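> Following the numbering used here, the numbering of the sequence shown begins with 11 at its first residue and continues without gaps.
Take this structure first; my questions come after.
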Amino acid sequence: MKQDSHKTLKHYIHLRLGRGNIIEVLRSMFVKAFQAKSAKEFWNYWNPVFGYYMLFYFYKPLTNRVPRAIRVIVTFTVSGFFLHDILLWWPFCWLIAYKTHFPFGTVWFIFLAIIMLSLEKIGFNTKKYSPKVRVLTNLGYLSVALGLTLLVAGGIKIIISYS
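Here is the structure:
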């Protein structure tokens with residue numbers, strides 16, 4: 011991809027989180043993400059390194075090919091699968107626990123995408139609320155998606171145990 015077609019990773023992180031040492035940037039990531047006024051804004055600040063690659067090498071190339079909602083769901087699915095399941099969780103399951111793994115990150119991120127799109131559709135945001143309320147709202151958003159994922163995982167476990 012041409013360098014002039016988008017900003018550099020360093021510029022992207024500075025744009026999202028500001029300048030400073032790694033501690034200041036991480037603090038900024040957490041504060042800005044959890045005090046975001048919407049689920050979409052939350053993801054603009056969360057994990058800017060991975061977000062940069064997902065945005066410029068996956069999401070944007072699909073822009074002229076598929077509708078935004080599909081791009082969002084597919085991008086979240088890929089992120090959940092590659093970053094959370096394959097890189098973080100599956101090595102633990104296979105190498106240490108010797109168990110197969112429910113694609114927890116993938117399912118969780120699908121729910122995160124669907125909820126985010128639904129909140130956008132109804133115009134939900136917390137612009138008028140205090141930062142504390144916005145933090146609780148964003149934690150609630152993440153928790154609802156997590157709860158739905160646990161329900162799906164539990165349901166699959168029950169189905170497998172009866173077959």
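Beta carbons: idealized from backbone N, C-alpha and C, even for Gly.
As the structure is a prediction and not an experimental result, all values here were calculated from the model.
(1) Measuring only the C-alpha atoms, how far is Gly165 from Phe112?
(2) Write down the C-beta distance between Met64 and Ser89 rounded to the nearest angstrom, noting that I regard them as a contact closer than 8 Å.
(3) How big is the Cα-Cα spacing for Gln13 and Tyr62?
(4) Taking the C-alpha atoms as reference points, what is the distance between Glu34 and Ser128?
(5) Taking Cβ positions, are Arg26 and Asn54 nearer each other than 8 Å?
(6) Between which residues of its own chain and Trp118 is the CB-CB distance below 7 Å, once the five residues before and five after are set aside?
(7) Does the Cβ-Cβ distance between Lys47 and Lys137 come in under 8 Å?
(8) What does a CB cutoff of less than 8 Å around Phe114 pick up in its chain, not counting 5 residues either side in sequence?
This is what the structure holds:
(1) Locating residue 165 in the sequence shown gives position 155, counting from the first residue. Locating residue 112 in the sequence shown gives position 102, counting from the first residue. As the crow flies, the alpha-carbon of Gly165 is around 11 Å from that of Phe112.
(2) Counting from 1 along the sequence shown, the entry for residue 64 is found at position 54. Counting from 1 along the sequence shown, the entry for residue 89 is found at position 79. Yes, Met64 and Ser89 are in contact; Cβ-Cβ is about 6 Å, under 8 Å.
(3) For the purposes of this step, residue 13 is taken as the residue at position 3 of the sequence shown. For the purposes of this step, residue 62 is taken as the residue at position 52 of the sequence shown. Its pLDDT being 47, under 50, Gln13 is placed unreliably by the model, and nothing is read from it.
(4) Looking up residue 34 in the sequence shown gives position 24. Looking up residue 128 in the sequence shown gives position 118. Rounded to whole angstroms, Glu34 to Ser128 spans 33 Å at the Cα level.
(5) Along the sequence shown, one-based indexing puts residue 26 at 16. Along the sequence shown, one-based indexing puts residue 54 at 44. Contact: yes.
(6) What you label residue 118 is simply residue 108 of the sequence shown in a count that begins at 1. Counting only Cβ-Cβ distances below 7 Å, and skipping sequence neighbours, we find Gly90, Ala155, Leu156, Thr159.
(7) The sequence position of residue 47 within the sequence shown is 37, counting from 1. The sequence position of residue 137 within the sequence shown is 127, counting from 1. Here Lys47 is near Lys137, since their CB atoms are less than 8 Å apart.
(8) Position 104 of the sequence shown, counting from 1, holds the residue named residue 114. Around Phe114: His94, Asp95, Trp99, Thr159, Ala163.
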